[in-house]
Structures are given as C-alpha cells and as structure tokens.
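Here the structure is laid out as structure tokens; the discussion comes afterwards.
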Amino acid sequence: MLIDTLKELCALPGVSSHEDAVRDYLRAQAAPYVDKIRTDAMGNLILEKKGAVPGGKKLMLAAHMDEVGLMIHTITDEGYLKFDSVGGIDRRVLIGKRVLVGEERLPGVIGLKAYHLTTAEEEKKVPKLKDLYIDIGARSGEEAKAHVTPGDVAVFDSDVLEFGHGLLKAKAIDDRVGCAVMLELLKEELPMDCTFVFTVQEEVGTRGAFGAAFSVTPDIALVLEGTTAADLPDMADHLKVCSPGRGPVIPYMDGGTVYDRGLFELLRTLAQDNQIPWQTKEYISGGTDAGAIQRSKEGVRVAAISAAVRYLHTPSSVASLEDCRLILDLARLFVKAVSTME
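Below, the structure written as structure tokens:
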C-alpha cells in the first residue's frame with residue numbers, strides 16, 4: 177500500500193505555492209482516520225489524530241507537499257514561454273524536458289536555440305535560464321495568452337516507473353516519500369496523540385513549516401524527507417552523501433540544522449535494536465523543514481529520517497522502495513518511543 181501511495185503522489189503536480197492537487201489527495205485519503213483537519217493560511221494541511229494515551233510530549237510529524245518546478249513570467253510575441261525556476265534546479269537537466277503548464281496542464285517542451293547556431297564559446301557553458309523557453313505549440317503570443325498567464329507554473333511531465341532491483345524512478349520523490357509514509361502511519365492505531373503536518377513551500381525556503389510550527393507548538397518534531405544521494409561512480413568517497421538501498425538516512429546535521437543529539441541517538445538505537453539497516457550523511461548538504469521548526473517560539477527538539485534519492489530535483493529522481501518501507505518502520509518505532517517519554 178505504501179508504494180502504491182507513493183506512486184500516486186509522485187504523479188500529482190505540486191510546484192511550490194501550487195500544492196492543491198497533493199493537498200486534496202492527502203485530505204481525502206486521511207479524512208476517515210483522523211479527528212481534526214484544517215488548512216492554515218499558508219496552505220499547510222494539519223491533521224490531528226488521537227492515540228491510546230495523550231502522551232507526555234506533543235509530537236509533530238512533518239513532510240512537505242511541494243516540488244521544484246518553473247514559473248512563467250513572459251509570453252513572447254511568437255508564443256513561447258519564458259520562465260524562472262521555483263526551487264533549486266540544475267539548469268543542465270532542463271533542456272529538452274517535457275513539462276505540463278498551468279491549470280490546463282498543457283504539454284510543452286523546454287527548448288534552446290538550434291545547435292548549429294551555437295558558438296564555440298557557448299558550447300563550453302551551461303545555458304542560462306533566460307536563454308531557455310517552453311514551446312507549447314502556440315502559433316502566436318495571442319494564442320498562448322489564451323491558455324497561459326504570467327504566474328502560471330510548469331511541472332515536469334515524467335513517468336513513474338519501477339526498474340532494476342527494487343528502484344523507483346519518478347519526479348518529486350522529494351518529498352512525496354515523506355508524505356506517503358505519514359499517510360500510511362496516520363491510518364494506524366497510534367500509541368499517543370500526534371499532529372501530522374503536510375507543509376507547503378519547503379523548496380523555496382521552508383516557509384510553510386515555520387508558520388505551522390508556531391501554530392502546532394510541538395515539543396518534538398520528526399521530519400520525513402528525501403535527501404540527495406550523490407553516490408555516482410566517479411564521485412570521491414568523501415563527497416558521496418548517502419546511497420539508495422542502504423536503509424533510512426538519519427542525519428545529525430545538514431545545511432540548516434544541527435539535529436537534537438538525544439533524538440538522533442534514539443533513532444540510531446531503534447534502528448540497530450530492530451535490525452533496520454541505516455546510514456547517515458557522509459557529506460553535510462541540503463536542508464529540511466527541521467530548520468524552521470527548530471527555531472519556532474522557544475525552540476523545538478527535531479529529528480529527521482530521510483530517503484536517499486539520486487538525481488534530486490530532476491524529472492527522474494531514483495530511490496529504493498525497500499528504504500521507503502524501512503522509513504515507515506522506523507517512524508512507527510519512533511512514535512512508540514516518544515509516547516513513553518515524560
């Protein structure tokens with residue numbers, strides 16, 4: 177069930193600030209299993225579920241709904257769409273990629289001027305965003321404007337595919353994997369009261385999590401995420417962050433957070449005692465909603481469990497399905513452990 181949910185979530189569009197389709201899906205799936213549902217001013221989906229006992233600590237679980245994408249800012253007289261990135265995207269992965277544009281989900285292709293017009297100097301450089309455009313097949317600016325407006329977003333048009341030895345290829349595995357794990361967890365009987373927060377706009381500065389943390393006011397927060405793997409063959413060992421297939425990633429630090437030492441040790445102990453293979457980041461990189469949550473009000477103890485994802489923020493991210501299952505197992509053990517804390 178977890179993997180089917182993950183596949184369905186990855187197929188949905190959810191560029192930062194346009195998470196509606198993902199939020200609607202999660203709300204519909206979660207509604208029969210929770211006690212209270214609300215959407216705050218930022219668009220975060222906040223669900224409260226009562227457990228066997230109230231618990232001594234207030235626990236918040238968080239995963240972000242949004243994904244990286246593109247935002248249209250200009251429509252040319254010829255009908256091409258000029259755009260900027262929403263979130264961190266490597267320009268090298270954009271050329272020739274399929275996208276779906278706007279509410280109509282118009283198919284388009286990201287283009288660049290013809291190769292035979294490229295100078296020797298230009299061949300050595302990665303094209304800038306201003307040199308790229310989206311072609312939706314419009315014959316004029318007027319035709320394009322009948323379907324697209326500046327401010328519309330474009331999402332990668334990518335198949336969801338299992339391949340190799342238990343690997344999944346899809347867009348937006350970061351962080352639909354966290355959303356899928358939380359959705360499966362909240363369907364279960366829980367040992368304590370929990371608040372599940374599906375956040376918005378993580379990819380553009382953890383904006384949703386900041387407001388949600390002030391609203392929920394947790395004592396402890398567990399962030400469920402996807403994180404860059406960088407385990408390619410030509411990469412120096414000390415630059416490889418983590419690797420799909422080696423188990424959940426339990427970080428002690430990233431670019432935005434030093435995680436609570438006690439909670440890090442708790443997760444590590446839970447994994448070891450329950451024969452769950454685990455890894456940590458061998459190169460400090462990235463950031464998560466934990467950075468915003470940790471700094472809210474008088475401060476929050478934070479921990480994270482992540483899936484190692486190759487080719488993060490591209491149309492073809494890759495993760496291990498077994499890692500995803502093990503993240504659910506470890507998150508379940510964490511909730512049980514927190515329920516006994518005083």
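The numbering of the sequence shown is the working numbering, which starts it at 177 and goes up by one.
Where a beta carbon is used, it is the ideal one built from N, C-alpha and C, also for glycine.
Query	Result
Give the straight-line distance between the Cα atoms of A187 and E474, rounded to the nearest whole angstrom.	38 Å
Using DSSP with H/G/I as helix, E/B as strand and the rest coil, what is K306?	helix
Between which two residues does the alpha helix (DSSP H) carrying D566 extend?	Nothing about residue 566 can be reported from this structure: the residues present for the chain run from 177 to 518 only.
When burial is assigned at 16 or more other CB atoms within 10 Å of the CB, is Y256 buried or exposed?	buried
Note down, in chain order, each residue of its chain lying with its Cβ closer than 8 Å to the Cβ of V485, except the 5 sequence neighbours on either side.	I349, D350, V353, G402, T403, T404, A405, P420, S493, V494, A495
I'd like to know if the segment 365 to 383 and the segment 237 to 246 are in contact, where contact means that at least 3 CB-CB pairs between them fall below 8 Å.	yes
Which value, in whole angstroms, describes the spacing of the CA atoms of D436 and Y209?	30 Å
With DSSP run on the structure shown, which of helix, strand or coil describes S391?	helix
May I ask you to list the residues that DSSP assigns as paired with V244?	None, per the DSSP bridge assignment.
Answer yes or no: do V269 and P491 have a C-beta to C-beta separation smaller than 9 Å?	yes
I need the boundaries of the alpha helix (DSSP H) containing I452, first residue and last residue.	Element bounds for I452: n/a, residue is neither H nor E.
Among V285, G327, K363, which residue has its Cα nearest to the Cα of G272?	V285
Assign P283 to one of three DSSP states: helix, strand, or coil.	strand
State the Cα-Cα distance for the pair R471 and A507, rounded to the nearest angstrom.	22 Å
Within its chain, find whatever has a CB closer than 7 Å to the CB of L509; leave out the 5 residues flanking it on each side and keep chain order.	L446, N450
How do the segment 245 to 265 and the segment 213 to 220 stand: do at least 3 beta-carbon pairs fall below 8 Å, yes or no?	no
Is it right to say E519 is buried, meaning 16 or more other beta carbons lie within 10 angstroms of its own, or is it exposed?	Residue 519 is absent from the structure shown; the chain starts at 177 and stops at 518.
Quick check on the DSSP output: what are the complete alpha helix (DSSP H) runs of length 4 or more inside the segment 179 to 265, in order along the chain?	196 to 206
Hey, out of M411, D407, S334, L185, whose CA is closest to Q205's CA?	L185
Please report the straight-line C-alpha distance between G317 and H323, rounded to a whole angstrom.	10 Å
At which residues does the alpha helix (DSSP H) containing V357 begin and terminate?	349 to 362
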